[in-house]
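Those protein sequence lines, which keep their order, are chains A and B. When we follow UniProt numbering, the leftmost residue of the first sequence carries the number 1, and every step to the right adds one. When we follow UniProt numbering, the leftmost residue of the second sequence carries the number 1, and every step to the right adds one. Note that the Cβ used here is the ideal one computed from N, Cα and C, for glycine as well. Note that the coordinates shown come from a computational prediction; the quantities given were computed from them, not determined experimentally.
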Amino acid sequence: MTRTRLFRSRSSEEKEEEEEQHYSKHNITTSTGMRVIVPLQGVVQGRGGLFLGSVIPCALFYFFQLYLKRHRSQPNPPPPQPPPENSGGQLAEVSVSVLPRSLSRVHLSPRSPGGPAYVSGRANSIVKGGDSPHDVGLRKALEDPYHQSGNPDGVIQLGLADNKLSLDLVGEWLAKNAIFGEELSIGGIASYQPFDGLMELKVAVAGFMSQVMKKSVFFNPSQIILTAGATPAIEMLSFCLADTGNAFLVPTPYYPCFDRDVKWRTGVEIIPVPCRSADNFSLSLTALDRAFNQAKKRGTKVRGIIISNPSNPMGSLLDRETLYRLLDFAREKNIHIVSNELFAGSTHGNEEFVSMAEIIDLEDLDRNRVHIVYGLSKDLSLPGFRVGIIYSFNDNVLAAAKKLTRFSSISALSQRLLVFMLSDSNFIQQFIEINRERLRRMYIKFVAGLKQLGIECIKSHGGFYCWADMRGYIPSYSEKGELELWDKLLNMAKVNVTPGSCCHCIEPGWFRFCFTTLTEKDIPVVMDRIRKITETCKSHS
Amino acid sequence: MAIEIEQHSVGLSKVAVSETHGEDSPYFAGWKAYDENPYDELNNPSGVIQLGLAENQVSFDLLEAFLETHSEASSWGKGASGFRENALFQDYHGLLSFRKAMASFMEQIRGGRAKFDPERVVLTAGATAANELLTFILADPGDALLVPTPYYPAFDRDLRWRTGVKIVPIHCDSSNNFQITPQVLEAAYSEAEAMNIKVRGVLIANPSNPLGATIQRSVLEEIFDFVTRKNIHLVSDEIYSGSVFSSSEFISIAEILEARQYKNSERVHIVYSLSKDLGLPGFRVGTIYSYNDKVVTTARRMSSFTLISSQTQHLLASMLSNKEFTENYIKTNRERLRKRYNMIIEGLRSAGIECLKGNAGLFCWMNLSPLLEKPTREGELALWNSMLHEVKLNISPGSSCHCSEPGWFRVCFANMSEQTLEVALKRIHNFMEKERELESKARLVKDF
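Next comes the structure, spelled out in structure tokens:
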């Protein structure tokens, strides 16, 4: 059973409040950020009135800020919210978008009467963090896992993006081929290897990426950096493309763990760019532009955009025109684009997947600002082996990322095995096709099942999820209402799904259902359980 | 078709452009020279011999034999379902069987004198990641860790680069065999204070790299008392603990803590890895063992950025929980390392070179200060250069290790065959003879 991604959720009110604090803090600590004060016309009369009416308050405010800046040694972190008591119990909403630099002491442990040894601000913010719905759900699913015959009342896992649909194919291959013979002997792989991966694997991965994207692009192995998963790949790009305090624009809803991967140790911010159900949650360049300008006004330097294509949680694809416009936007603002294409091989609809690499291929301009993240966890069902890819056209980024791979290299043992597997192109081709077919079948069945319950989903073309509209079933149109439904689904229906607030969706009531950990037989069971909740939950508005 | 790539048109972060990676030092230049012209007994007998890489190849055959006779280690046992669980497994807790195996292996290495709880084992992709992770957890940007010199050159990168944490050196010298004393600890701490830098911990390597020597019990006690007094952390990097030539000579900080019933132990964290003791650096297996619950929790979460392949965990769990194999391995590895060590010490001595008395590790700490034209860093680098380009031996200069005295060099001896080592020793012999000739000629000239 897989487990555990770390991230935070927060209510929209608390989010706003925290954003306020963040922005005001930013104003106080940057010398250039100064609020504009409306002149106090009514107060100061006379000729110089208007002038003095503006200057004096401005000056006062400026000196006030200066005073605060001098007397506040470090910015205070927003206080963590205590966990609210409720029947489902347990959701502490802690904000961690700004890593506190001031440090509160760790609790005294009974073993150290002399006082606890200090732990860094980063560590504190994580430790103090309570459990998000995501963590709680995962834990519950682990403790009480559904099994058709052994534990029919157990929790069904729909909150985890694992693709078990085609694992048997890989397993069979391995059973036949993965014996320690000539090819897979330990000699030659035990010693230090290049931290950014064996060249043979880069070549094999380049070929696989091309195959998976239906040969629309050729990937150059020497532009590949391999690392232990897409998780460190994202973090590495964050380190390479942005400084502490800089930001990335990320359309919402987004993969919950971006918060951890992009922000945690890097000190880099995410500025969410909301997408709306009215637009089918599609990316709006207007919203992107607005977010960029707002950031600029606040004095936050935006370094890039992170898009996911196919997207998580919606499973939508970005079309060619949107990709071109994104590139134009990035060029205009002189920022980077990180294209997370982790599910490129898991498309199951009729729409064509277009990689950012394809856009760049055709036009040589601006190659330096485009970076693709890929991995074998989704398309090849091997999350345990830890294989992530950074594909970049920027030599400086490749050079820097290469150095960083010393902290997250892939085991040479696994690399060798994968070279072997990926080089069997017949097997790979078969796998890709069969996997797609199975994904499509499951998706269709699952969406149909939800539809029968009256739950509509956004049309998805790839990935392991349905993005379901459950606004009709939440007790109140708020994050609180959404979490109440989530709680019922988890603790009463024993179904673990991901509430949209974990993905920073601005509209409450949307849920992410992952269908790839089920077999077709499980679907009626799942629908049955969901029905029990929806029947009692129809909101009367 | 050459494509003009515009440099710096889109900004990169300070981390990406910083020089803190330290790769412009001799330490890495030597490796590069080796990569470009590697010695091979048959095909390139005049190539550069690598004595700058701390890799253990002396006991590799034991591993191969194990894998050949234990196919279940490399297969997935119960067929498809075994593989399925393994391939999907990305839980940052790590395979329980592997954690148990690691804990028991660590106990065995310490002769059972310390107990390790698998629940405190956090897995990372190598000790490199473990050290960086701990630094992220224990210190904020701008804070410092105290590290005794000479130290492993890559600490500059691993502990500082992304973390923004500083290293303040604890200056040790040859007058007392580079041992750490309360005086030098205090001096380093005061130095940091004077620079207004907050010290968050002390990081020691035991056995030490590059010294190749274990830290004595009394010194460990003093270090522990020091960190307790200052209320800071202690990271003990014990990656060479299984490479001590005699089993009784290694004292782990774990033993000190056990003797004190774990009082004040929540400030202590041990780093371990299979790269040195087991000669498997390619597998990327490291661990943090912390006596601090919060550190364990946080480190575990942070290990998401650096997980060990489940396939590797499975294979090694099988290997390391086989007590018969590990006991034999540890014993045999020790003996072979000791034999190698004696061989190189003798060889160097007969060439007129003395080394620090060592008892562990994959290297020895060689004193070439009598050979320096000038007793300065430049003099040392000049000598290092000759060694590399004339004698074709890649050894690591002490300045890369921040040694306060010029003229010391680290020489690795476990990453080549005996024959190659003999060739290396012969080259050193010839080099020393030439030096002596030049010296006596120079003296003759002076006398005239």
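task = With residue 269 of chain A as the anchor, note down where its beta strand (DSSP E) starts and where it stops.
result = Position 269 of the first sequence, counted from the first residue, corresponds to residue 269 of chain A. Annotation for residue 269 of chain A: the continuous beta strand (DSSP E) segment containing it runs 269-274.
query = When you check each C-beta in the stretch 225-244 of chain A against every C-beta of chain B, which residues fall closer than 7 Å?
reply = Listed in sequence order: 228, 229, 231, 232, 235, 239, 240, 241, 242, 243.
query = For residue 148 of chain B, which of helix, strand or coil comes out of DSSP?
reply = Along the second sequence, read from residue 1 onward, the residue named residue 148 of chain B stands at position 148. In the structure shown, residue 148 of chain B sits in a strand (DSSP, three-state: E or B).
message = Please tell me whether residue 236 of chain A and residue 401 of chain A are closer than 7 Å, where the distance is taken between their beta carbons.
response = As a position in the first sequence, residue 236 of chain A is number 236, starting the count at 1. As a position in the first sequence, residue 401 of chain A is number 401, starting the count at 1. Taking 7 Å as the Cβ cut-off, residue 236 of chain A and residue 401 of chain A qualify as a contacting pair.
query = What residues in its chain sit with their C-beta under 6 Å from that of residue 254 of chain B, if we drop five residues either side in the sequence?
reply = What you label residue 254 of chain B is simply residue 254 of the second sequence in a count that begins at 1. The answer, listed in chain order, is 114.
request  = Quick one: give me the first and last residue of the alpha helix (DSSP H) that residue 384 of chain B is part of.
outcome  = The residue given as residue 384 of chain B occupies position 384 in the second sequence. Under the DSSP assignment, residue 384 of chain B falls in the alpha helix (DSSP H) whose first and last residues are 377-389.
ask   = What does DSSP give as the partner residues of residue 204 of chain B in its beta bridges?
value = Here residue 204 of chain B refers to the residue found at position 204 when the second sequence is read from its first residue. The beta-bridge partner set that DSSP reports for residue 204 of chain B consists of B:236.
inquiry  = Does any residue of chain A have a CB that is nearer than 7 Å to the CB of residue 510 of chain B?
reply    = Lying outside 1 to 448, the shown extent of chain B, residue 510 of chain B is not represented and no answer is given.
ask   = Cα-Cα, which of A:454, A:501, A:239 is closest to residue 535 of chain A?
value = For this step, residue 535 of chain A is matched to residue 535 along the first sequence. Relative to the Cα of residue 535 of chain A, the nearest Cα in the group A:454, A:501, A:239 belongs to A:454.
ask   = For residue 468 of chain A, which residues does DSSP report across the bridge?
value = To locate residue 468 of chain A, count along the first sequence from 1; it is residue 468. For residue 468 of chain A, DSSP records a beta bridge to A:457, A:511.
query = Going by DSSP, which residues form a beta bridge with residue 40 of chain B?
reply = Taking the first residue of the second sequence as position 1, residue 40 of chain B is located at position 40. Note: residue 40 of chain B sits in a beta bridge opposite B:44.
message = So with CB distances below 7 Å, who are the chain A contacts of residue 127 of chain B?
response = Translated into the one-based positions of the second sequence, residue 127 of chain B becomes position 127. Under the 7 Å cutoff, chain A gives no residues; its nearest Cβ is about 11 Å from residue 127 of chain B.
request  = Can you have a look at residue 310 of chain B and say buried or exposed, based on whether 16 or more other CB atoms are within 10 angstroms of its CB?
outcome  = Walking along the second sequence from the start, residue 310 of chain B turns up at place 310. With 16 or more other Cβ atoms within 10 Å, it is buried.
ask   = Could you check where the beta strand (DSSP E) with residue 336 of chain A kicks off and where it finishes?
value = Here residue 336 of chain A refers to the residue found at position 336 when the first sequence is read from its first residue. Note, residue 336 of chain A: beta strand (DSSP E), 336-340.
key: Where residue 86 of chain B meets chain A, residues with beta-carbon distance less than 8 Å   = Indexing the second sequence from 1 puts residue 86 of chain B at position 86. Contact note: residue 86 of chain B reaches chain A through 384, using a C-beta cutoff of 8 Å and chain order.
task = Between the Cα of residue 239 of chain A and those of A:405, A:346, A:205, A:295, spot the shortest distance and give me the residue it belongs to.
result = As a working note, residue 239 of chain A is residue 239 in the first sequence. Looking from the CA of residue 239 of chain A, the closest CA among A:405, A:346, A:205, A:295 belongs to A:405.
ask   = With 7 Å set as the bound, which would you pick, yes or no: does the beta-carbon of residue 223 of chain A sit closer than that to a beta-carbon of chain B?
value = On the first sequence, position 223 is the one that residue 223 of chain A refers to. Residue 223 of chain A does not count as touching chain B.
key: Residue-chain proximity (residue 511 of chain A, chain B), Cβ-Cβ < 7 Å   = Within the first sequence, residue 511 of chain A is the residue found at index 511, counting from 1. For residue 511 of chain A, no CB of chain B lies under 7 Å from its own CB, so it is not counted at the interface with that chain.
ask   = Should residue 454 of chain B be labelled buried (16 or more other beta-carbon atoms within 10 Å of its own) or exposed?
value = Because chain B here runs from 1 to 448, residue 454 of chain B falls outside it and cannot be looked at.
message = Alpha carbons only, please: which of B:277, B:133, B:148 is nearest the one belonging to residue 160 of chain B?
response = Sequence index remark: in the second sequence, residue 160 of chain B carries index 160 (1-based). Taking only the C-alpha atoms, the option nearest residue 160 of chain B is B:133.
ask   = With DSSP run on the structure shown, which of helix, strand or coil describes residue 449 of chain A?
value = The residue you call residue 449 of chain A lines up with position 449 of the first sequence. In this structure, residue 449 of chain A counts as helix in the three-state DSSP scheme.
query = Where residue 107 of chain A and residue 103 of chain B are concerned, what is the direct C-alpha to C-alpha distance, given to the nearest angstrom?
reply = Counting from one through the first sequence, the residue named residue 107 of chain A turns up at place 107. Counting from one through the second sequence, the residue named residue 103 of chain B turns up at place 103. Reliability fails at residue 107 of chain A, whose pLDDT of 30 lies under 50, so the model's placement of it is uncertain and the value that follows must be treated cautiously. Taking the CA atoms as reference points, residue 107 of chain A sits about 28 Å from residue 103 of chain B.
query = With DSSP run on the structure shown, which of helix, strand or coil describes residue 552 of chain A?
reply = Nothing in the structure corresponds to residue 552 of chain A, since chain A is present only between 1 and 541.
key: Neighbouring residues, chain D, relative to residue 327 of chain A (Cβ below 7 Å)   = Checking the listed chains, one finds no chain D in this structure; the protein chains it contains are A and B.
ask   = CA-CA distance, residue 431 of chain A and residue 254 of chain A?
value = Reading the first sequence from its first residue, position 431 is the one you call residue 431 of chain A. Reading the first sequence from its first residue, position 254 is the one you call residue 254 of chain A. Rounded to the nearest angstrom, the two C-alpha atoms are 28 Å apart.
query = Buried or exposed: residue 270 of chain A, going by 16 or more other Cβ atoms within 10 Å of its Cβ?
reply = Within the first sequence, numbered from 1, the residue matching residue 270 of chain A stands at position 270. When all chains shown are included, residue 270 of chain A counts as buried.
query = Within the chosen definition, does the stretch 211-219 of chain A reach the stretch 244-253 of chain A through at least 3 CB pairs nearer than 8 Å?
reply = Between the stretch 211-219 of chain A and the stretch 244-253 of chain A, the count of Cβ pairs shorter than 8 Å is below three; the stretches do not touch.
task = Below 8 Å between beta carbons is the criterion; list the residues of the stretch 280-295 of chain B that meet it against any residue of chain A, in chain order.
result = For the stretch 280-295 of chain B, which is checked against every Cβ of chain A, the residues closer than 8 Å are 280, 281, 282, 283, 284, 285, 292, 293, 294, 295.
task = Let me know the secondary structure DSSP gives residue 477 of chain A once reduced to three states.
result = If you number the first sequence from 1, residue 477 of chain A lands on position 477. The answer is coil: DSSP assigns residue 477 of chain A none of H, G, I, E or B.
key: Closer than 7 Å to chain A by CB, residue 132 of chain B   = As a position in the second sequence, residue 132 of chain B is number 132, starting the count at 1. Cβ-Cβ to chain A under 7 Å: yes for residue 132 of chain B.
ask   = Okay, do the stretch 317-332 of chain B and the stretch 149-159 of chain B touch, 3+ Cβ pairs below 8 Å being the bar?
value = Judged by Cβ distances under 8 Å, the stretch 317-332 of chain B makes no contact with the stretch 149-159 of chain B, as fewer than three pairs qualify.
Host alpha helix (DSSP H) of residue 194 of chain B (start-end) = Numbered from its first residue, the second sequence carries residue 194 of chain B at position 194. Boundaries of the alpha helix (DSSP H) around residue 194 of chain B: 182-194.
key: Given 8 Å, three or more beta-carbon pairs between the stretch 170-187 of chain B and the stretch 327-343 of chain B   = Because the criterion of three Cβ pairs below 8 Å is not met, the stretch 170-187 of chain B and the stretch 327-343 of chain B do not touch.
inquiry  = Just to confirm before moving on: does the CB-CB distance between residue 234 of chain B and residue 199 of chain B stay below 7 Å?
reply    = Numbered from its first residue, the second sequence carries residue 234 of chain B at position 234. Numbered from its first residue, the second sequence carries residue 199 of chain B at position 199. No, the pair does not count as a contact, with Cβ atoms beyond the cut-off.
query = Counting contacts by CB-CB distance shorter than 7 Å, is residue 218 of chain A in contact with chain B?
reply = Mapped onto the first sequence, residue 218 of chain A falls at position 218. With 7 Å as the cut-off, residue 218 of chain A does not count as an interface residue toward chain B.
query = With 16 other CB atoms within 10 Å as the buried threshold, where does residue 39 of chain B fall?
reply = Working through the second sequence from its first residue, we reach residue 39 of chain B at position 39. Residue environment analysis places residue 39 of chain B among the buried positions, since at least 16 neighbouring C-beta atoms fall within 10 angstroms of its C-beta.
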